[in-house]
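Engineer: Okay, here's the structure, questions in a sec.
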């Protein structure tokens with residue numbers, strides 16, 4: 020994610036989602052922020068493919 024135009028966002032997550040993000044990030048050797056960005060990009064790609 021370095022070298023990109025980034026903005027900081029503060030969000031509140033339910034505990035179960037936070038734990039899932041932590042686990043996925045560790046499993047994929049990414050930061051939690053990178054894991055959230057990855058998940059959101061996947062969702063964006065799926066939505067674009069449906070249109």
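In my numbering, the protein residues as written are 20 to 70. Yeah, the Cβ is synthetic: ideal placement off N, Cα and C, and Gly gets one too.
1. Would you identify the three-state DSSP class for residue 63, choosing helix, strand or coil?
2. Mapping DSSP to helix, strand and coil, what is residue 37?
3. Does the beta-carbon distance from residue 54 to residue 40 come in below 8 Å?
4. Indicate whether residue 50 and residue 44 have their beta-carbon atoms separated by less than 8 Å.
Structural biologist: Put simply:
1. By 1-based counting over the chain shown, the position of residue 63 is 44. Correct three-state label for residue 63: helix.
2. Sequence index remark: in the chain shown, residue 37 carries index 18 (1-based). DSSP places residue 37 in helix when its eight states are reduced to three.
3. As a first step, residue 54 is located in the chain shown; it is residue number 35 there, counting from the start. As a first step, residue 40 is located in the chain shown; it is residue number 21 there, counting from the start. Yes.
4. Translated into the one-based positions of the chain shown, residue 50 becomes position 31. Translated into the one-based positions of the chain shown, residue 44 becomes position 25. Yes.
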